[in-house]
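In our numbering, the protein residues as written are 272 to 366.
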């Protein structure tokens, strides 16, 4: 999770709006930054088998990442996410 947050911060920096991130750590934990990062298996994208759609789109096999029969990423520390930069993007629970 920490690595995913680091990459999300880097993307916000490259897009030019990370300067608006909250400075206080507790506010960052409550989405004190622009955009959202959604991952399969979490409340906004609960169907982990939807990971196959992302695989078809990105073809991560090219860099050695594979999908197991249980829809988990291999190697184990691999992470996938859909990152939305819109200022009104927030986390939500689909169920």
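In this text, a Cβ means the ideal position worked out from N, Cα and C, and glycines have one as well. Keep in mind that this is a model prediction, so the values were computed, not measured.
8 Å CB neighbourhood of residue 368 in its chain, flanking five on each side removed: In the structure displayed, the chain extends from 272 to 366; residue 368 sits before or after that span and is not available.
Helix, strand or coil at residue 353 according to DSSP, with G and I counted as helix: By one-based count along the chain shown, residue 353 stands at place 82. Reduced to three states, the DSSP call for residue 353 is strand.
N-terminal and C-terminal residue of the alpha helix (DSSP H) that residue 281 is part of: Taking the first residue of the chain shown as position 1, residue 281 is located at position 10. Start and end: 273-286.
Which residues share a DSSP beta bridge with residue 337? Residue mapping note: residue 337 aligns to position 66 of the chain shown, counting from 1. Answer by DSSP bridge pairing, in chain order: 345.
Neighbourhood of residue 358 by C-beta distance below 7 Å, restricted to the same chain and skipping five residues each side: The count along the chain shown starts at 1 and reaches residue 358 at position 87. Same-chain partners within the cutoff: 305.
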